[in-house]
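Below you'll find the structure, written out as structure tokens, and then a few comments.
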Amino acid sequence: MTRTHRRTVRTRSKVIGGLLAASLVGGGAFFLSGTALATKAPAPAPAKKSPAKTAKANAKFAPFVDTSLAPAYDLVDTATKTGVKEFNLAFITSGTGCEPLWGGVTGLGDDKVAAQIGALRAKGGDVRVSFGGAAGAELGLKCDSAASLATA
1 MTRTHRRTVR TRSKVIGGLL AASLVGGGAF FLSGTALATK APAPAPAKKS
51 PAKTAKANAK FAPFVDTSLA PAYDLVDTAT KTGVKEFNLA FITSGTGCEP
101 LWGGVTGLGD DKVAAQIGAL RAKGGDVRVS FGGAAGAELG LKCDSAASLA
151 TA
């Protein structure tokens, strides 16, 4: 004889289980909703007014000129034809000792591009000098002291 026995769940157990499930779902939703809320970012500070630009700050383009290349770059002709009056001249390095050389090979007074600096300045132009480069060693590494570097 086979009897089918089914367990009966009391009403009280159903109510307790329902309340427990509801509290878990509600509590989880409450907990997670707090972490999902986006916070409003503070407004950015108003931009400060830029200082007035000087004539030097208005330079829009300053070509990089390697003074060791041949033929020698014509700074004055370029300034006349293009209106570009500021140039970056490269490179001052050292040869074998604490002696500044253009491109590690040409003396400061012997370079054909650097010789044009006075004429360029007479036309309202100017140059910046780049130290270090492909040929020669960094001048500061070849000089024994800050005084010898300044003298060079």
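Numbering (full-length UniProt numbering) for the sequence shown: 1 to 152. Even for Gly, the Cβ is constructed at its ideal location relative to N, Cα and C. Only a predicted model underlies this, so the values are computations on that prediction, with no experimental measurement involved.
Would you call the CB atoms of residue i and residue j closer than 8 Å?
| i | j | result |
| --- | --- | --- |
| residue 149 | residue 114 | no |
| residue 100 | residue 141 | no |
| residue 91 | residue 118 | no |
| residue 87 | residue 62 | yes |
| residue 120 | residue 79 | yes |
| residue 152 | residue 105 | no |
| residue 116 | residue 76 | yes |
| residue 66 | residue 98 | no |
Name, in chain order, the residues that DSSP records as bridge partners for residue i.
| i | result |
| --- | --- |
| residue 90 | 66 |
| residue 106 | 102 |
| residue 134 | Bridge partners of residue 134: none, in fact. |
So residue i is in the alpha helix (DSSP H); what residue range does that whole segment cover?
| i | result |
| --- | --- |
| residue 76 | 75-82 |
| residue 120 | 117-122 |
So residue i and residue j are in contact, right, with Cβ under 8 Å, and what is the actual spacing, rounded?
| i | j | result |
| --- | --- | --- |
| residue 137 | residue 94 | 5 Å |
| residue 181 | residue 72 | In the structure as shown, the chain begins at 1 and stops at 152. Residue 181 is therefore absent and cannot be evaluated. |
Going by DSSP, what residue range makes up the beta strand (DSSP E) through residue i?
| i | result |
| --- | --- |
| residue 145 | Note, residue 145: premise wrong, no beta strand (DSSP E); not H, not E. |
| residue 127 | 126-131 |
Cβ-heavy atom distance between residue i and the ligand SAM below 7 Å?
| i | result |
| --- | --- |
| residue 118 | Because no ligand of any kind appears in the structure shown, any question about the ligand SAM cannot be addressed here. |
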